[in-house]
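K.L.:
Have a look at this one before I ask anything.
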Amino acid sequence: MDKRTFLKTMTAISAAGIPGVSLGKNGYDPSARFDLKVSEVEYRRTTRGRSLLARIYQPQGKGPFPVVLDLHGGAWQRKDRKAEEPMDRAIASSGVLVVAIDMTLSGEAPYPACIQDASYGVRWLKSRATEWNGDASTLGLYGSSSGGHVAELLAMRPNDKRYNSIPLEAAPNLDISVAYVATRSPISNPFTRWQQAERKPNPNLVKASKTFFQPWESIHEGSPQEILDRREAVT
Numbered sequence: 358m359d360k361r362t363f364l365k366t367m368t369a370i371s372a373a374g375i376p377g378v379s380l381g382k383n384g385y386d387p388s389a390r391f392d393l394k395v396s397e398v399e400y401r402r403t404t405r406g407r408s409l410l411a412r413i414y415q416p417q418g419k420g421p422f423p424v425v426l427d428l429h430g431g432a433w434q435r436k437d438r439k440a441e442e443p444m445d446r447a448i449a450s451s452g453v454l455v456v457a458i459d460m461t462l463s464g465e466a467p468y469p470a471c472i473q474d475a476s477y478g479v480r481w482l483k484s485r486a487t488e489w490n491g492d493a494s495t496l497g498l499y500g501s502s503s504g505g506h507v508a509e510l511l512a513m514r515p516n517d518k519r520y521n522s523i524p525l526e527a528a529p530n531l532d533i534s535v536a537y538v539a540t541r542s543p544i545s546n547p548f549t550r551w552q553q554a555e556r557k558p559n560p561n562l563v564k565a566s567k568t569f570f571q572p573w574e575s576i577h578e579g580s581p582q583e584i585l586d587r588r589e590a591v592t
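Numbering (the numbering used here), first residue to last: 358 to 592.
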């Protein structure tokens, strides 16, 4: 089994194996094959005027299809919605509505700006999923590397007022709760990752952490592993 097939399968298993999680009335068959329609729309514009786009991989079939929001990696400082395109296409072609979004990069604004984008993206996609034949009740997150870090924080702190500070005027009552999270090489402990980068040394990764976590103490506050270590309530 190649990496793409493995990850696609594990994404489905992650959702299907969690008690109380539904993949929709039509379920999900990872062996299915669908043609795709790929399109892009602006989902929000930053205060600096940058257009953040959503890339939509829509299976062409009866549906409604399960929904996945893809949060890209790139050490918080680079890449965009196209970073995981091969994976997004593979998942979508098996019968999942996949939407990949741009997020604010650390050079534009530090933590938690990209998490605020992702929070908005969850609510925005819930409000729009039916337009692309998706079932919003099934929405899960897929995040790679720093995108995995963002996905974990969203799932662990769905009621965080900082993360949810950008209002969705079209649907103000939607929350950011998700059915599941699937990650690839997530940065679950950013402080440990920074320490490793210091020891190697890896100046690019050191700089990436320093640029994103401002003030520096936020590297502990915004750490999924340290949230668990502190026994912080996950609500």
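All C-beta atoms, glycine included, are put in the ideal place defined by N, C-alpha and C.
Which of the three DSSP states, helix, strand or coil, is assigned to Tyr-477?
P.N.:
Helix at Tyr-477.
K.L.:
Would you kindly report the start and end of the unbroken alpha helix (DSSP H) that includes Ile-605?
P.N.:
Residue 605 lies beyond the range of the chain shown here (358 to 592); nothing can be said about it.
K.L.:
Ile-413 by DSSP, collapsed to three states: which one?
P.N.:
Note: Ile-413 maps to strand in three-state DSSP.
K.L.:
Determine, using beta carbons only, whether Leu-393 and Leu-498 come nearer to each other than 9 Å.
P.N.:
For Leu-393 and Leu-498, no; Cβs fall outside 9 Å.
K.L.:
With distances taken Cα to Cα, identify the nearest neighbour of Leu-531 among Ser-545, Ser-542 and Asn-516.
P.N.:
Among Ser-545, Ser-542 and Asn-516, the Cα nearest to that of Leu-531 belongs to Asn-516.
K.L.:
Going by C-alpha distance, which of Ser-502, Ser-580 and Glu-526 is nearest Lys-436?
P.N.:
That would be Ser-502, whose Cα lies nearest to the Cα of Lys-436.
K.L.:
Which one of Gln-571, Leu-511, Thr-540 and Glu-399 has the shortest CA to CA distance from Ile-584?
P.N.:
Minimum Cα distance to Ile-584 is reached at Leu-511.
K.L.:
Closest to Lys-483 by C-alpha separation, out of Pro-469, Gln-552 and Leu-525, would be which residue?
P.N.:
Minimum Cα distance to Lys-483 is reached at Leu-525.
K.L.:
Spatial neighbours of Asp-474 within its chain, please: CB distance less than 6 Å, with the 5 preceding and 5 following residues excluded, ordered by chain position.
P.N.:
Within the same chain, Asp-474 has close Cβ partners Met-460 and Thr-461.
K.L.:
Could you tell me if Pro-572 is buried or exposed, where buried requires 16 or more neighbouring beta carbons within 10 angstroms of its beta carbon?
P.N.:
By the 10 Å Cβ count, Pro-572 comes out exposed.
K.L.:
For the beta strand (DSSP E) that contains Ala-457, what are its first and last residues?
P.N.:
Its beta strand (DSSP E) spans residues 454–458.
K.L.:
Kindly list the residues whose CB is nearer than 6 Å to the CB of Phe-570, restricted to its own chain and excluding five residues on each side of it in sequence; keep chain order.
P.N.:
Excluding residues within five positions, the ones whose Cβ falls inside 6 Å are Tyr-468 and Ile-576.
K.L.:
Should Ala-554 and Ser-545 be called a contact, given that it needs their Cβ atoms to be closer than 9 Å?
P.N.:
Not a contact, by the Cβ cut-off of 9 Å.
K.L.:
Is Glu-488 closer than 9 Å to Pro-581 when the C-beta atoms are compared?
P.N.:
Going by C-beta atoms, Pro-581 is not nearer than 9 Å to Glu-488.
K.L.:
Taking the straight line between their C-alpha atoms, what separation do you get for Glu-578 and Lys-419?
P.N.:
If you take the alpha carbons of Glu-578 and Lys-419, they lie about 44 Å apart.
K.L.:
Quick one: complete alpha helix (DSSP H) runs, 4+ long, within the stretch 474–544?
P.N.:
If we require 4 residues or more, the alpha helix (DSSP H) runs fully inside the stretch 474–544 come out as 503–513.
K.L.:
In terms of residue numbering, what span does the alpha helix (DSSP H) encompassing Leu-585 cover?
P.N.:
It spans 581–586 - the alpha helix (DSSP H) in which Leu-585 sits, taken as one unbroken run.
K.L.:
Does Gln-415 pass the burial test, meaning 16 or more other C-beta atoms within 10 Å, or should it be called exposed?
P.N.:
Answer is buried; the Cβ neighbour count reaches 16.
K.L.:
Whole angstroms are fine: how far does the CA of Ser-476 sit from the CA of Trp-433?
P.N.:
Rounded to whole angstroms, Trp-433 to Ser-476 spans 16 Å at the Cα level.
K.L.:
Go ahead and pull the three-state DSSP assignment for Lys-394.
P.N.:
It is a strand residue.
K.L.:
Can you list, in chain order, the residues of its chain with a C-beta nearer than 6 Å to that of Glu-589? Leave out the 5 residues immediately preceding and following it.
P.N.:
Answer for Glu-589: no residue qualifies.
K.L.:
Does Val-424 pass the burial test, meaning 16 or more other C-beta atoms within 10 Å, or should it be called exposed?
P.N.:
That one is buried.
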